[in-house]
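A.B. asks:
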Amino acid sequence: MASPRSRLALLFAAVVAALLVAVTACGKPAPRAAAPSPSQASATAPVAPSPSATGDPAGRAAALARTLSDEQLAGQVLMPYAYGSSATDVTPASAAGNQKLGKVDTPAQMIQKYHLGGLILVGFSADDPTSTNQATTNVDNPKQITALTEGLQQAAGGQAPIFIGTDQEFGAVTRIKSGVTLLPSAMALGAGGNPAATQQGWKVAGDELRTLGLNVDFAPDADVLGTADGGVIGSRSFGSDPKAVGDQVAASVRGLQSAGVAATLKHFPGHGSTPSDSHTDLPVIGKSKADLDRSDLLPFRSGIDAGAQMVMSGHLDVKSIEPGVPASFSHKALVDVLRGELGFKGVVVSDALNMAPAEKWPAGEAAVRALNAGNDLLLMPPDVGGAYQGLLAGLHDGSLKKERLVEAVTRDLTLRFTLADTQVGAGKTVLAADAHKDVASGLAAAAVTQFRGQCGAPVKGPVTVTTSPGRDTSKANLERALKAEGVQVVPSGGREVHLVGYGDGAGDLSRTADTTVGMDTPYVLSGAKSPNVLATYSSSADSLKALAKVLAGKQKPTGKSPVEVSGLPRSVC
């Protein structure tokens, strides 16, 4: 498919006439008496001004925003999900889901009916802490994803390419798992402690996302862990040291954005010190503002200084900023602190509006409140039509000023044009190329940490792998990797290597294990009685291959825990 920029060039001859039509037909304000229904609004995507006529992305965005009708402006700030693995061909069940979400059958129809500025691709697994608000999945394999993203851009018209994003954090939150290079978790990268290697890894991730047709990644996680057990964020964070986390965040931003994919710092102003989950509750953060500046805000500063193009506002009650108001709906948090104190000039995107703290208001009211607070892009409204109509009603009754909406749309369009114009090299990236997989395996190897035992000493004798319940894949992967390293693996009676992972507690440890290995946050390892204790922080195949090399005595565990584990050193090596 031709790039948006090349299509703009082809359309140059028709642009002047198109703009005259747009100004005449779409530039008039909607009648003040009532908000028209989406079906009454034109389904034609806005036409972008010629690059040669208006200059840089910001100039093009401002020129285009001035031509848009209220209906088009309202849709440009919405980024919902949709049901279906294709833009235009969906199952009856997906059509029913889209009817409930937006009174349409397909994702393409949703984009056209509401003039959407973007769409998020969703998916989940059993070990995904964000699964509670993922009602569907539309990521399966590269061929399907590429066809979907091309169809979505075609539905938008192509002249002003829309945002297409997903949550590809790696580790527990990984939407696309098939046919792509999989990095280890953020915490594993923190254990490796090499920002340059992290940047290289995220460049690989960005190249592959861009090849699949995505231009936004809702990553990296900039949260600093501040609870004894990692809280709800856990291994999604790079660790507990603000400076080290900031270095990793900045490296991730540089890697992703060098590939033409917008990075998103989340969850502002910091979700790392909360035991409760903002999907279901409104977490309360009681830190003083000075403490926030020293800890939680530092990685956001680092990411912004590295050029992060998006920041995600968190559903968090931060007492020292605006008590009782979620930061995602707080003008003080998003304008006074994020833009004023931290100097952020990019796009502020709300955390999902189908999460409990945002659903205390009807979808339309929540959309108006979120925009007025300083968000520029509204993610995953639970009722797309309701959010859309609410924005129009806000324009008509004065609760939403048009200048604020135009400001948000202009920021969004500026970034969309910027991403479309980004030159990322000739040809398409080879997904899961050997060179890419080498980068991922190197990151996984650097993370392996030994907390107890003789550093790097091989396991002597046959090995029996055991796991906590539900980890058959990890067990099989480790057994296969051990055999490849020449280690004898027996069903029982060997030296026991016991694996624990996401969500496991003290009851999931084995009393008889010779070696206990943590494949997620390492806090549970404080209760392990094994003479040998290690962590990979991730259950990826690469992480288990690296573990096998360590157990075979062929590789030193050079990682250092990025968090404090009670009763254990950061490393014995």
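With the numbering used here applied, the sequence shown covers 1439 to 2011. Glycine is no exception: its CB is placed at the ideal position from the N, C-alpha and C atoms.
(1) Assuming LEU1985 and THR1974 are in contact, meaning their beta carbons sit under 8 Å apart, how far apart are those beta carbons, in whole angstroms?
(2) Report the rounded CA-to-CA distance for LYS1998 versus THR1954, giving the unit in angstroms.
(3) Pairing CB atoms from the stretch 1772-1790 with CB atoms from the stretch 1810-1820, are three or more of them under 8 Å?
(4) Assess contact between the stretch 1651-1661 and the stretch 1673-1684, defined as three or more Cβ pairs (one per stretch) separated by less than 8 Å. Is contact present?
(5) For GLU1760, does the three-state DSSP call read helix, strand or coil?
(6) Give a yes or no on whether the C-beta atoms belonging to ALA1512 and TYR1552 are separated by under 9 Å.
(7) Skipping 5 residues on each side, what residues in its chain have a beta carbon closer than 8 Å to that of GLY1965?
(8) By Cβ distance below 7 Å, which residues in the same chain neighbour ASP1667 in space, the five residues on each side in sequence not counted?
(9) If you reduce the DSSP assignment to three classes, tell me which class ASN1810 lands in.
(10) For LEU1869, tell me which candidate among MET1750, LYS1840, GLY1644 has the shortest Cα-Cα distance.
(11) Going by CA-CA distance only, name the one from PRO1530, SER1978, GLY1556, GLY1651 that's closest to LYS1875.
(12) Residue ranges of each beta strand (DSSP E) run of no fewer than 3 residues wholly in the stretch 1635-1720, ordered along the chain?
(13) If distances are taken between C-alpha atoms only, which option among PRO1820, ALA1635, ALA1499, SER1696 comes closest to GLY1535?
(14) Is DSSP giving ILE1614 helix, strand or coil here?
(15) Alpha carbon to alpha carbon, how far is VAL1862 from PRO1622?
(16) By the three-class DSSP mapping on this structure, what secondary structure does ILE1600 have?
(17) Look up ALA1973 in the DSSP assignment and give the residues it is bridged to.
(18) Would you tell me roughly how many angstroms separate the C-alpha atoms of ALA1688 and SER1696, rounded to the nearest one?
(19) For the alpha helix (DSSP H) that contains LEU1982, what are its first and last residues?
(20) Since LEU1703 and VAL1749 are thought to touch, with beta carbons under 8 Å apart, how far apart are those beta carbons, to the nearest angstrom?
(21) Please work out which residues of its chain come closer than 8 Å, Cβ to Cβ, to ARG1732, disregarding the five sequence neighbours upstream and downstream, and give them in chain order.
(22) For GLU1917, name the three-state secondary structure that DSSP assigns.
(23) Kindly indicate which residue of ARG1949, LYS1967, GLN1597 has the alpha-carbon position closest to the one of THR1856.
(24) What's the C-alpha gap between PRO2007 and MET1957?
(25) Are the stretch 1582-1593 and the stretch 1519-1539 touching by the rule of at least three beta carbon pairs closer than 8 Å?
(26) Between which two residues does the alpha helix (DSSP H) containing ARG1777 stretch?
(27) Kindly list the residues whose CB is nearer than 6 Å to the CB of GLY1823, restricted to its own chain and excluding five residues on each side of it in sequence; keep chain order.
(28) Identify whether THR1902 lies in helix, strand or coil by the three-state DSSP scheme.
(29) For SER1981, which residues of its own chain have a beta-carbon under 8 Å away from its beta-carbon, when the five flanking residues on both sides are left out?
(30) Measure the CB-CB distance between VAL1938 and LEU1963 and report whether it falls below 9 Å.
(31) What is the DSSP secondary structure of VAL1877, counted as helix, strand or coil?
(32) Compute the beta-carbon to beta-carbon distance between MET1517 and ILE1558, rounded to the nearest angstrom, for a pair I have assumed lies under 8 Å.
(33) Grab me the residues of VAL1925's own chain with a C-beta within less than 6 Å of its C-beta, minus the 5 sequence neighbours each way, in chain order.
(34) Kindly indicate the opening and closing residues of the alpha helix (DSSP H) around LEU1855.
(35) Assuming GLN1510 is part of the alpha helix (DSSP H), what are its boundary residues?
(36) What distance in whole Å lies between the Cβ atoms of THR1649 and THR1867, which are believed to be in contact at a cut-off of 8 Å?
C.D. replies: On the basis of the supplied data:
(1) Numbered from its first residue, the sequence shown carries residue 1985 at position 547. Numbered from its first residue, the sequence shown carries residue 1974 at position 536. Indeed, because the Cβ distance is near 5 Å, the residues count as touching under 8 Å.
(2) Here residue 1998 is taken as the residue at index 560 of the sequence shown, counted from 1. Here residue 1954 is taken as the residue at index 516 of the sequence shown, counted from 1. About 17 Å.
(3) Touching, per the Cβ criterion.
(4) In short, these stretches touch, since the Cβ pair count reaches three.
(5) Taking the sequence shown and counting its residues from 1, the one referred to as residue 1760 is at position 322. In the three-state scheme derived from DSSP, where H, G and I count as helix and E and B as strand, GLU1760 is classed as coil.
(6) Looking up residue 1512 in the sequence shown gives position 74. Looking up residue 1552 in the sequence shown gives position 114. It is a contact, given that the beta carbons lie within the stated cut-off.
(7) In the sequence shown, residue 1965 corresponds to position 527, counting from 1. Counting only residues of its own chain and dropping the five nearest sequence neighbours on each side, GLY1965 has a CB closer than 8 Å to the CB of ALA1944, LEU1947.
(8) The sequence position of residue 1667 within the sequence shown is 229, counting from 1. Excluding its 5 nearest sequence neighbours in each direction, ASP1667 has C-beta neighbours in its own chain below 7 Å: TYR1961, listed in chain order.
(9) One-based indexing of the sequence shown puts residue 1810 at position 372. In this structure, ASN1810 counts as helix in the three-state DSSP scheme.
(10) Here residue 1869 corresponds to residue number 431 of the sequence shown, with the count starting at 1. Looking at the Cα atoms, GLY1644 is the closest of the given residues.
(11) To locate residue 1875, count along the sequence shown from 1; it is residue 437. Among PRO1530, SER1978, GLY1556, GLY1651, the Cα nearest to that of LYS1875 is on SER1978.
(12) Counting only runs of 3 or more, we get 1700-1706.
(13) Along the sequence shown, read from residue 1 onward, the residue named residue 1535 stands at position 97. Taking each of PRO1820, ALA1635, ALA1499, SER1696 in turn and checking the Cα distance to GLY1535, the smallest one comes out for PRO1820.
(14) Position 176 of the sequence shown, counting from 1, holds the residue named residue 1614. For ILE1614, the three-state secondary structure derived from DSSP is coil.
(15) Sequence index remark: in the sequence shown, residue 1862 carries index 424 (1-based). Sequence index remark: in the sequence shown, residue 1622 carries index 184 (1-based). Their Cα atoms are separated by approximately 24 Å.
(16) As a working mapping, residue 1600 is identified with position 162 in the sequence shown. Assigned with DSSP and collapsed to three states, ILE1600 falls in coil, not helix or strand.
(17) Here the question's residue 1973 lines up with position 535 in the sequence shown. ALA1973 is bridged by DSSP to THR1887, GLY1956.
(18) Here residue 1688 corresponds to residue number 250 of the sequence shown, with the count starting at 1. Here residue 1696 corresponds to residue number 258 of the sequence shown, with the count starting at 1. Taking the straight line from one Cα to the other gives about 12 Å.
(19) Numbered from its first residue, the sequence shown carries residue 1982 at position 544. Start and end: 1979-1989.
(20) Position 265 of the sequence shown holds residue 1703. Position 311 of the sequence shown holds residue 1749. Contact check for LEU1703 and VAL1749: beta-carbon distance about 5 Å, within the 8 Å limit, so the pair qualifies.
(21) If you number the sequence shown from 1, residue 1732 lands on position 294. Cβ neighbours of ARG1732 beyond the five flanking positions: PRO1680.
(22) Translated into the one-based positions of the sequence shown, residue 1917 becomes position 479. GLU1917 falls in the helix class under three-state DSSP.
(23) Stepping through the sequence shown from its first residue, residue 1856 is reached at position 418. Nearest in C-alpha terms to THR1856, of all of ARG1949, LYS1967, GLN1597, is GLN1597.
(24) Here residue 2007 corresponds to residue number 569 of the sequence shown, with the count starting at 1. Here residue 1957 corresponds to residue number 519 of the sequence shown, with the count starting at 1. Pairing PRO2007 with MET1957, the inter-Cα distance amounts to about 18 Å.
(25) With a cut-off of 8 Å, the stretch 1519-1539 and the stretch 1582-1593 count as touching, because enough Cβ pairs lie within range.
(26) The residue given as residue 1777 occupies position 339 in the sequence shown. Looking at the DSSP string, ARG1777 is not in any alpha helix (DSSP H), and its letter there is neither H nor E.
(27) By 1-based counting over the sequence shown, the position of residue 1823 is 385. Here the set comprises GLY1540, LYS1541.
(28) Reading the sequence shown from its first residue, position 464 is the one you call residue 1902. Here THR1902 sits in strand by DSSP.
(29) Numbered from its first residue, the sequence shown carries residue 1981 at position 543. Residues of the same chain with a CB within less than 8 Å of the CB of SER1981, apart from the 5 flanking positions on each side, are PRO1622, ALA1626, ALA1882, ALA1885, VAL1886, MET1957, THR1974, TYR1975 in chain order.
(30) Locating residue 1938 in the sequence shown gives position 500, where the first residue counts as 1. Locating residue 1963 in the sequence shown gives position 525, where the first residue counts as 1. Yes. Within cutoff.
(31) Position 439 of the sequence shown holds residue 1877. Looking at VAL1877 - three-state DSSP - the assignment turns out to be helix.
(32) As a working mapping, residue 1517 is identified with position 79 in the sequence shown. As a working mapping, residue 1558 is identified with position 120 in the sequence shown. The pair is a contact, with the Cβ atoms about 6 Å apart (cut-off 8 Å).
(33) Numbered from its first residue, the sequence shown carries residue 1925 at position 487. Take VAL1925, set aside five residues on each side of it, and the residues of its chain with a beta-carbon closer than 6 Å to its own are VAL1901, ALA1990, in chain order.
(34) To locate residue 1855, count along the sequence shown from 1; it is residue 417. Before going on, a small fix: residue 1855 reads as Phe here, not Leu. Its alpha helix (DSSP H) spans residues 1840-1859.
(35) Taking the sequence shown and counting its residues from 1, the one referred to as residue 1510 is at position 72. Following the DSSP letters along the chain, one finds GLN1510 inside the alpha helix (DSSP H) bounded by residues 1508-1514.
(36) As a position in the sequence shown, residue 1867 is number 429, starting the count at 1. As a position in the sequence shown, residue 1649 is number 211, starting the count at 1. Sure, about 4 Å apart at Cβ, within 8 Å.
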